[in-house]
Amino acid sequence: MTEFPSLDLPDNPRLTHNIAHFARALRAAGLPVGPGRVIEAVRAVAAAGFTSRADFFHALRATLVTRPEHLTVFAQIFRLYWRDPRYMEHMMAMLLPAIRGVQEERPAQAAEKRAAEALLDGVDRAPPETGTQEAGEETVLEIDASATMSREERLRRLDFEQMSTAEIAEAKRMLARLTLPVRPLPSRRGINDPHGQRFDARATIRAALRRGGEMRRLHRKASREHWPNLVVLCDISGSMSQYSRMVLHFLHAVSNQKGAGWAKVHAFTFGTRLTNITRHLATRDVDAALAAAGQQAQDWEGGTRIGACLHDFNRDWSRRVMGGGAVVLLITDGLDREEAGQLGHEMERLHLSARRLIWLNPLLRWEGFAPRAQGIRAMLPHVDALRAGHSIATLEALAEALSRREDGGERARLMAAMGG
């Protein structure tokens with residue numbers, strides 16, 4: 005539930021100007037807010053008045069937000085902007101980690117850093133000078149490079165949820181360069197090969213029959229290889245929204261990469277219902293592809309019904325896309341509010357249909373994570389590997405895990421914690 009801060013307005017408030025400045029901050033954070041919507045917001049606030057903080061929040065949200073994925077950023081900017089007229093000092097203090105490092109004593113909330121940077125757009129954030137300097141004297145700064153990481157290395161390990169707007173843009177460019185290669189699978193069918201390791205009895209007998217039963221040589225064959233499908237089931241509920249968007253950027257690059265080895269990449273999103281977005285990933289422009297996928301999937305940042313959505317997939321799509329030893333990537337936090345019995349049954353069906361089922365769970369970013377939720381306990385026994393999926397580095401490690409069938413990630417540790 006959204007918490008509404010107190011609205012301590014100044015003695016001579018210029019509410020129209022404040023709403024316009026608030027709208028500029030939303031635009032800086034990526035929300036499509038034009039002048040027409042600002043006018044609508046002013047009229048809505050004038051009609052609702054200030055009798056209730058909730059009315060003020062919802063009046064602005066109803067007029068300035070048009071997409072579900074922007075609700076989190078709007079809520080953070082609203083909280084930071086309207087809680088105190090002297091918000092700039094608070095924003096400067098909040099952005100100090102941009103100088104010292106990303107993490108500080110308090111972990112940032114979802115979209116908080118992007119909201120703070122939007123409010124501070126154009127403000128000089130240079131660190132203050134710590135002492136006086138006499139004329140003609142040069143200040144020499146010594147930096148121990150051995151104790152620092154490069155910007156790209158830090159970004160590789162940074163949690164998607166804690167990235168700023170600029171960092172997200174850079175992370176998307178890095179994800180577009182990632183690959184997810186796969187090895188071909190041997191088939192029981194063979195192909196004619198004079199140097200093959202297998203004896204081809206049928207070809208030998210057919211050749212002998214054409215010569216009246218005379219067998220001149222033994223025909224041989226080699227195993228035919230085929231490439232598996234990659235099937236992705238991506239949770240787009242409220243708790244998974246930011247992670248899902250970054251993973252879909254990665255999958256778009258995989259599906260459009262030539263020579264990666266996958267026969268085809270099938271992608272499905274689920275929250276309260278299952279949506280097939282495979283055809284959208286074929287669009288070369290990643291922004292157009294994900295925009296079309298977002299329009300088709302109407303349950304972005306909604307609830308979670310993992311068991312029901314897996315049931316729909318097993319019933320309607322499993323036989324169509326799971327043939328030939330498909331690999332399944334399941335991206336979800338496993339926090340399902342429905343009955344765990346159905347979820348466990350559908351996970352077992354999915355596991356039996358796949359050559360390998362890999363679960364990417366962003367909750368593994370927390371040290372000491374334990375499978376306490378019923379949904380996680382129901383899903384865990386039916387996966388081949390459980391891995392983190394909250395950063396670029398974890399997605400890079402996924403490619404290595406695909407080449408090692410014995411790599412189960414965190415599955416063994418969590419199964420031991422469950423007593424299984």
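Residue numbering for the sequence shown is 5 to 424, as defined by the numbering used here. Heads up, the beta-carbon is just placed ideally off N, CA and C, and yes, glycines get one too.
CB-CB length for L333 against L364, believed under 8 Å: Locating residue 333 in the sequence shown gives position 329, where the first residue counts as 1. Locating residue 364 in the sequence shown gives position 360, where the first residue counts as 1. Contact between L333 and L364 holds, with the beta-carbon distance rounding to 6 Å and staying under 8 Å.
C-beta contact flag for I240 and W304 at 8 Å: Residue mapping note: residue 240 aligns to position 236 of the sequence shown, counting from 1. Residue mapping note: residue 304 aligns to position 300 of the sequence shown, counting from 1. A contact, by the Cβ cut-off of 8 Å.
Whether R228 touches I195 by CB criterion (8 Å): Position 224 of the sequence shown, counting from 1, holds the residue named residue 228. Position 191 of the sequence shown, counting from 1, holds the residue named residue 195. Yes, they are a contact pair.
Span separating the alpha-carbon of A50 from that of F26: Position 46 of the sequence shown, counted from the start, is the residue given in the question as residue 50. Position 22 of the sequence shown, counted from the start, is the residue given in the question as residue 26. If you take the alpha carbons of A50 and F26, they lie about 16 Å apart.
Minimum length 3: unbroken beta strand (DSSP E) runs contained in the segment 164-220: 189-196
Sufficient close CB pairs (3 or more, under 8 Å) joining the segment 384-391 to the segment 162-171: no
V77 (DSSP reduced to helix, strand or coil): Taking the first residue of the sequence shown as 1, we reach residue 77 at position 73. The answer is helix: DSSP assigns V77 an H, G or I state.
Bridge-paired residues (DSSP) for G413: In the sequence shown, residue 413 corresponds to position 409, counting from 1. Its beta-bridge partners are L390.
Residue burial classification, I281 (beta-carbon count within 10 angstroms, cutoff 16): By one-based count along the sequence shown, residue 281 stands at place 277. So I281 ends up on the buried side.
Under 8 Å between C-beta atoms of P232 and A344: Here the question's residue 232 lines up with position 228 in the sequence shown. Here the question's residue 344 lines up with position 340 in the sequence shown. Not closer than 8 Å, so no.
Every unbroken beta strand (DSSP E) inside the segment 227-313 [3 residues or more]: 234-239, 269-274 and 278-280
Inter-residue Cα distance where the pair is L11 and R57: Mapped onto the sequence shown, residue 11 falls at position 7. Mapped onto the sequence shown, residue 57 falls at position 53. With a pLDDT of 48 at L11, under the threshold of 50, the modelled position of that residue is not reliable, and no figure is offered here.
C-alpha distance - M326 paired with A358, whole-angstrom precision: Taking the first residue of the sequence shown as position 1, residue 326 is located at position 322. Taking the first residue of the sequence shown as position 1, residue 358 is located at position 354. Approximately 6 Å, taken between the alpha carbons.
Span separating the alpha-carbon of H94 from that of Y85: Along the sequence shown, one-based indexing puts residue 94 at 90. Along the sequence shown, one-based indexing puts residue 85 at 81. Confidence at H94 is low in this model, with a pLDDT of 47, below 50, so the placement of that residue should be treated as unreliable; the coordinate-derived value is given next. Cα to Cα, H94 sits roughly 10 Å from Y85.
Contacting residues, own chain, Cβ-Cβ under 8 Å from R381 (five flanking each side not counted): Stepping through the sequence shown from its first residue, residue 381 is reached at position 377. Closer than 8 Å at Cβ, skipping near neighbours: A344, P375 and M422.
CB of G306 within 8 Å of CB of G275, strictly: Position 302 of the sequence shown, counted from the first residue, corresponds to residue 306. Position 271 of the sequence shown, counted from the first residue, corresponds to residue 275. Yes, these two residues count as a Cβ contact at 8 Å.
Close-in-space but distant-in-sequence residues of the same chain around F254 (CB under 7 Å, 5 per side omitted): Locating residue 254 in the sequence shown gives position 250, counting from the first residue. These residues qualify, in order along the chain: L179, L182 and L399.
Beta-carbon proximity of E342 to A301, cut-off 8 Å: To locate residue 342, count along the sequence shown from 1; it is residue 338. To locate residue 301, count along the sequence shown from 1; it is residue 297. No, the Cβ-Cβ distance between E342 and A301 is not below 8 Å.
Span separating the alpha-carbon of V42 from that of H355: In the sequence shown, residue 42 corresponds to position 38, counting from 1. In the sequence shown, residue 355 corresponds to position 351, counting from 1. Their backbone Cα atoms lie some 51 Å apart in a straight line.
V437 (DSSP reduced to helix, strand or coil): An answer regarding residue 437 cannot be provided, because it is not within the stretch 5 to 424 covered by the chain.
Residue ranges of each beta strand (DSSP E) within the segment 339-382, 3 or longer: 360-364
Contact check, P185 vs A48, beta carbons under 8 Å: In the sequence shown, residue 185 corresponds to position 181, counting from 1. In the sequence shown, residue 48 corresponds to position 44, counting from 1. Not a contact, by the Cβ cut-off of 8 Å.
Three-state secondary structure assigned by DSSP to R408: Locating residue 408 in the sequence shown gives position 404, counting from the first residue. In the displayed model, R408 falls within coil according to three-state DSSP, outside both helix and strand.
Buried/exposed call for E410, threshold 16 Cβ in 10 Å: As a first step, residue 410 is located in the sequence shown; it is residue number 406 there, counting from the start. Classification of E410: exposed, given that the 10 Å Cβ count is below 16.
When P366, L64 and P36 are compared against N22, the one with the closest alpha-carbon: If you number the sequence shown from 1, residue 22 lands on position 18. The option with the nearest alpha carbon to N22 is L64.
Own chain, CB closer than 6 Å to A420, minus 5 neighbours either side, in chain order: Residue numbering aside, residue 420 sits at position 416 when the sequence shown is read from its first letter. Excluding residues within five positions, none has a Cβ falling inside 6 Å.
Beta-carbon spacing of H315, E350 below 8 Å: Numbered from 1 along the sequence shown, position 311 holds the residue referred to as residue 315. Numbered from 1 along the sequence shown, position 346 holds the residue referred to as residue 350. A contact, by the Cβ cut-off of 8 Å.
Limits of the alpha helix (DSSP H) - the one that H21 falls within: As a position in the sequence shown, residue 21 is number 17, starting the count at 1. Note, H21: alpha helix (DSSP H), L19 to A32.
Identified DSSP bridge partners for R161: As a working note, residue 161 is residue 157 in the sequence shown. Beta-bridge pairing links R161 to no other residue.
Cα-Cα separation, D291 to E44: Numbered from 1 along the sequence shown, position 287 holds the residue referred to as residue 291. Numbered from 1 along the sequence shown, position 40 holds the residue referred to as residue 44. About 28 Å.
Continuous alpha helix (DSSP H) stretch holding T67: start and end: Locating residue 67 in the sequence shown gives position 63, where the first residue counts as 1. Segment R57 to L68, the alpha helix (DSSP H) holding T67.
N-terminal and C-terminal residue of the alpha helix (DSSP H) that G40 is part of: Sequence index remark: in the sequence shown, residue 40 carries index 36 (1-based). That run of the alpha helix (DSSP H) goes P39 to A52.
R3 (DSSP reduced to helix, strand or coil): Summary: the structure shown does not reach residue 3, with the chain confined to residues 5 through 424, and so no result is reported for it.
Helix, strand or coil at R155 according to DSSP, with G and I counted as helix: Position 151 of the sequence shown, counted from the start, is the residue given in the question as residue 155. Correct three-state label for R155: helix.
Cα-Cα separation between T136 and R18, rounded to whole angstroms: Here residue 136 refers to the residue found at position 132 when the sequence shown is read from its first residue. Here residue 18 refers to the residue found at position 14 when the sequence shown is read from its first residue. Model confidence at T136 stands at a pLDDT of 41, short of 50, so the residue's coordinates are unreliable; what they give is reported in the following sentence. The straight-line gap from Cα to Cα measures roughly 39 Å.
Reduced DSSP category for H71 - H, G, I as helix; E, B as strand; rest coil: Residue 71 sits at position 67 when you count from the first residue of the sequence shown. In the sequence under discussion, the amino acid at residue 71 is Arg, which differs from the His named in the question. In the displayed model, R71 falls within coil according to three-state DSSP, outside both helix and strand.
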